[in-house]
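Numbering (my numbering), first residue to last: 7 to 234.
All C-beta atoms, glycine included, are put in the ideal place defined by N, C-alpha and C.
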C-alpha cells in the first residue's frame, strides 16, 4: 500500500531534511522552480484528490516505508532527553506529540512494537514537519527499554496521578532524562510506574480533571527542557 505525506509545509520540510521520498506530486498551476527534486509529477487538483483524502494544498509526496531505529541509537547519539510513549493509539495524538517533541528539542521517541499506533501518513501529516530530525525507536518491550536506559545512566520519570506522584513544576529533573507518558484510556501502565525513579503529575484547577495526552505531553516536555 502506497504511503503519502501531504500539505505544503510537511512536504517541503521532508524535502529539506532528505526524508525518503519516491515521487513528488505538485498541482500543475503551482510549479515552483525552487524545488529541486529528481522525480516530480504535475497533476490537476482533482487528480491529487484521488491520491489522498485531506487538504493537500497542491503538494503530495509518496514516501518510502518509515525506517524505525534500534534502541542502540540512544547509546550512539547520547541524547539528554528521551520520550517513551506507552501504547498511544490515536495517530493525531502521536503526530502532535512528535511535533511538540521537535519543538522542545527531544529527538528520540520510543514506542512499543505491538498494540500501539505506528508512523502512518496521518501521523506524519499531523506532526506538520515535526518528524524531521526525530528518531522513532520501536522495541518489543517498554520494560526492556527502561532497563536499557537505566543501565546507561538515565533517570526515569512517569506521568501518573497516584499517592506517590509529585507536582510537575516542582521537579528538578536529573539528567539524562526519560519521560514516560501513557495512552489515552489507561495512562502509564503500573508495570512501568513501578520501575520509574519518580512519578509526576500536572496540577489542575478546573472542573475537568484530565488533559488530552498530546497536550499533557507538551506541558511535561516544556517543564523538562526549560532552563531553571
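Nearest neighbour of residue i, chosen from the options [CA to CA]
| i | options | result |
| --- | --- | --- |
| residue 24 | 13, 67, 117, 51 | 67 |
| residue 188 | 132, 122, 232, 157 | 122 |
| residue 177 | 51, 229, 197 | 229 |
| residue 217 | 50, 193, 34, 43 | 193 |
| residue 111 | 141, 22, 219 | 141 |
| residue 27 | 72, 227, 125 | 72 |
| residue 12 | 206, 220, 51, 88 | 51 |
| residue 89 | 144, 29, 19 | 144 |
| residue 22 | 46, 219, 41 | 41 |
| residue 16 | 129, 219, 175 | 129 |
| residue 131 | 198, 83, 62 | 62 |
| residue 83 | 146, 113, 219 | 113 |
| residue 232 | 125, 206, 109 | 109 |
Residues near residue i by beta carbon distance below 7 angstroms, same chain, minus five either side
| i | result |
| --- | --- |
| residue 37 | 48 |
| residue 223 | 103, 106, 187 |
| residue 8 | 68 |
| residue 19 | 135, 138 |
| residue 146 | 119 |
| residue 125 | 72, 142 |
| residue 156 | 162 |
Cβ pair residue i, residue j closer than 8 angstroms
| i | j | result |
| --- | --- | --- |
| residue 96 | residue 148 | no |
| residue 53 | residue 181 | no |
| residue 211 | residue 184 | no |
| residue 32 | residue 60 | no |
| residue 158 | residue 81 | yes |
| residue 45 | residue 30 | yes |
Close-in-space but distant-in-sequence residues of the same chain around residue i (CB under 6 angstroms, 5 per side omitted)
| i | result |
| --- | --- |
| residue 105 | 133, 134, 136 |
| residue 179 | 230 |
| residue 225 | 208 |
| residue 220 | 99, 102, 103 |
Contacts around residue i, its chain only, beta-carbon distance under 8 angstroms, and the 5 residues preceding and following it disregarded
| i | result |
| --- | --- |
| residue 10 | 57, 58, 66, 67, 68, 69, 127 |
| residue 191 | 95 |
| residue 175 | 209, 229 |
| residue 43 | 21, 27, 30 |
| residue 55 | 62 |
Given 8 angstroms, three or more beta-carbon pairs between the segment 147 to 158 and the segment 195 to 205
yes
With contact counted as at least three CB pairs below 8 angstroms, one residue from each stretch, are the segment 88 to 101 and the segment 129 to 149 in contact?
Because the criterion of three Cβ pairs below 8 angstroms is met, the segment 88 to 101 and the segment 129 to 149 touch.
Between the segment 170 to 188 and the segment 72 to 79, do three or more beta carbon pairs fall short of 8 angstroms?
The answer is no - the segment 72 to 79 does not touch the segment 170 to 188, with fewer than three Cβ pairs under 8 angstroms.
The segment 161 to 168 touching the segment 111 to 123, judged by at least three CB pairs closer than 8 angstroms
Cβ pair count under 8 angstroms is below three, so no.
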